[in-house]
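This report concerns only the one structure given below.
Protein chains in written order, with the numbering used here: chain Z, 201 to 308; chain L, 203 to 357.
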C-alpha cells in the first residue's frame, strides 16, 4: 500500500487511537477449584481499550502460564458470568464489570 | 415462590406446612430432599463442603423456579440449599412444590432438581481419607436436564 493510499484510508476510516480511550478495568472473581488453583479469590484486571471482551480476559490470564494456562486451556469446562449472568466468549466487558470464572457446577 | 441459600439446617415439615398454609387450591405437595452420602465414587466421604457464588446463585435459582412456574400448572415452589461444611446424613437441599394435582407437582419438583443440579452455581468439595477433592460434574446430571426441552432463559 502506497503512502497516498494509506493516507486516503486513514481519512476515510479513521482508526481509533487506543491512547484516546480509557483502558477497561474489570473485577475478576475465581470460584471453587479455580480459586484454589490460582491461590486467590479474585483481582482487578485492566484490558487495553478496543479489546475488552471475555475472550480477551481469558487470553490475558492464559498468557501468565502456570495454573492459569492449565485451568483455562481450550477444552476445559469453564464458564464465564458477567455481572451474575452467563455469557459467551465474544461478550464485551465494560469498566467495573464483575467477571466470574465458574468451574462446572455440582450442587444439589 | 421462595429461594433460600443458608448454612443452617431446615425442617422440611415446617417448610412444607408454611408453603401450603391456608391455601385450599393445593391438592398435592411433592418434595425432594438431597442428603450427604458417606460414599462417593468408591471413596469414603468424611465431610462435604458446599460453596456458592452469592448474588448469582440466588438469581439462578429464582430463574429456574420462574421457568418451572411458567411451564407447569403449580401453585407455589420452594427451594432451600445449604452451604458450608456438612457431614454424612446431613440435609443439603429441599425442593417442594404445591399444585392442584399430583402430576404437575411431581414433574415440577423433578424439573427444579434437574436444573438446580446443572445450572445453579454450587460446588461440592469432599474430604476423604486420601485428602480433599472437588467433585466432578456428572454427565448423567446433564442428561437428566436435557430430557426437558430447555426454556429460553437457560439455553
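By construction, the Cβ of each residue, glycine as well, lies at the ideal position given by its N, Cα and C atoms. The structure displayed is predicted, hence computed values, not measured ones.
What residues in its chain sit with their C-beta under 6 Å from that of residue 317(L), if we drop five residues either side in the sequence?
-> If we look at residue 317(L) and ignore the five residues flanking it on each side, its Cβ neighbours are 266 and 347.
Kindly say whether residue 345(L), judged by its beta-carbon, lies nearer than 8 Å to any beta-carbon of chain Z.
-> no
Could you name the residues of the same chain whose beta carbon sits closer than 7 Å to that of residue 223(Z), not counting the 5 residues immediately before and after it, in chain order?
-> 246, 247, 248 and 249
Spatial neighbours of residue 277(L) within its chain, please: CB distance less than 6 Å, with the 5 preceding and 5 following residues excluded, ordered by chain position.
-> 227, 228, 300 and 301
Ignoring anything shorter than 4 residues or poking outside the region 300-337 of chain L, list the alpha helix (DSSP H) runs there in chain order.
-> Correct list: 304-321.
Please work out which residues of its chain come closer than 7 Å, Cβ to Cβ, to residue 246(L), disregarding the five sequence neighbours upstream and downstream, and give them in chain order.
-> 240, 330 and 331
Listed by chain order, chain Z residues near residue 330(L) by CB distance under 9 Å | Chain Z residues near residue 330(L): none, gap ~15 Å exceeds 9 Å.
Below 8 Å between beta carbons: does that hold for residue 235(L) and residue 293(L)?
-> yes
Name, going along the chain, the residues of the region 283-294 of chain L whose beta-carbon falls closer than 8 Å to a beta-carbon of chain Z.
-> 283 and 294
Mapping DSSP to helix, strand and coil, what is residue 298(Z)?
-> strand
Do the region 206-222 of chain L and the region 281-297 of chain Z make contact, defined as three or more Cβ pairs closer than 8 Å?
-> A contact between stretches requires three or more CB pairs, one per stretch, nearer than 8 Å, and the region 206-222 of chain L fails this requirement with the region 281-297 of chain Z.
Report the residue from 307(Z), 257(Z), 272(Z) and 301(Z) whose alpha carbon sits nearest the alpha carbon of residue 283(L).
-> Taking residue 283(L) as reference, the option from 307(Z), 257(Z), 272(Z) and 301(Z) with the minimal CA-CA separation is 307(Z).
Find the residues of chain L that neighbour residue 305(Z), judging by a C-beta separation of less than 8 Å, and give them in chain order.
-> 319, 320, 321, 322, 323, 324, 325 and 339
CB-CB under 7 Å to residue 205(L), same chain, minus the five flanking residues each way: which ones, in chain order?
-> 260, 263, 264, 267 and 281
Kindly give me the distance between the Cβ atoms of residue 235(Z) and residue 244(Z), rounded to whole angstroms, as I take these residues to be in contact under 8 Å.
-> So it is not a contact: roughly 16 Å between Cβ atoms.
Out of curiosity, what's the CA-to-CA distance linking residue 343(L) and residue 315(L)?
-> 10 Å
Three-state secondary structure (DSSP) at residue 220(Z)?
-> At residue 220(Z), the pLDDT of 46 sits below 50, so the modelled position is not reliable; the number obtained from the coordinates is stated separately. For residue 220(Z), the secondary structure class from DSSP, reduced to helix, strand or coil, is helix.
Report, in whole angstroms, the separation of the C-beta atoms of residue 253(Z) and residue 299(Z), which I expect to be a contact under 8 Å.
-> Wrong, their Cβ atoms sit about 10 Å apart, outside the cutoff.
Can the beta-carbon of residue 325(L) be found closer than 8 Å to that of residue 305(Z)?
-> Result yes, Cβ atoms of residue 325(L) and residue 305(Z) sit closer than 8 Å.
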